[in-house]
Structure formats: C-alpha cells, structure tokens
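Heads up, the thing below is written out as structure tokens.
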Amino acid sequence: MHYIQEASIDCPWCGEVFDTTLDTSQGPHEHIEDCAVCCRPISVSVECEPGEIYSVQSGRP
C-alpha cells in the first residue's frame, strides 16, 4: 500500500495551485505547509485513511 499520495492545493494568499505530497498513514490531520510559489504559510486539512485521500482543504492559518 502506498501511504504517500499526491494532491493539489490552492494557496489562499496568491491563488496559485501547486502539487504536494501527503502522508496518509496517520489518518485525518491538519498541518502547516509553505506555499511553493509565494512561501506564505497555508493551513492544510486532510481527510483520509491509509492509502486514500477523501478531501484536502487549504486556508490561512
């Protein structure tokens, strides 16, 4: 089973969409990640189970 999955997220600061990798082995979680374009912090909320992502939401922390 592949626990690391790729997902696209929208930056709430600059509006760019970029791909990131998410670890689904820990189940549903939230974390802070820097935007790959403008480097500002993004709050990422992940609904998942090991090996599968159900939803990813991004916002300002």
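In the numbering used here, the protein residues as written are 2 to 62. Quick reminder that beta carbons are idealized off the backbone N, C-alpha and C, glycines included.
Query - Close-in-space but distant-in-sequence residues of the same chain around E7 (CB under 6 Å, 5 per side omitted) - result: D20 and T22, listed in sequence order.
Query raised in the report: Mind checking whether P13 and S59 have CB atoms under 8 Å apart?
Result: Their beta carbons are under 8 Å apart, which means P13 touches S59 by this criterion.
Report task. Count the other CB atoms, across all protein chains shown, that sit within 10 Å of the CB of C40; report buried if there are 16 or more and exposed otherwise. Result -> Label assigned to C40: exposed.
Query - Length of the line joining the Cα atoms of I43 and S56 - result: C-alpha of I43 to C-alpha of S56: approximately 16 Å in a straight line.
**Report entry** Distance, Q27 Cα to H3 Cα
**Finding:** Going by the C-alpha atoms only, they are around 13 Å apart.
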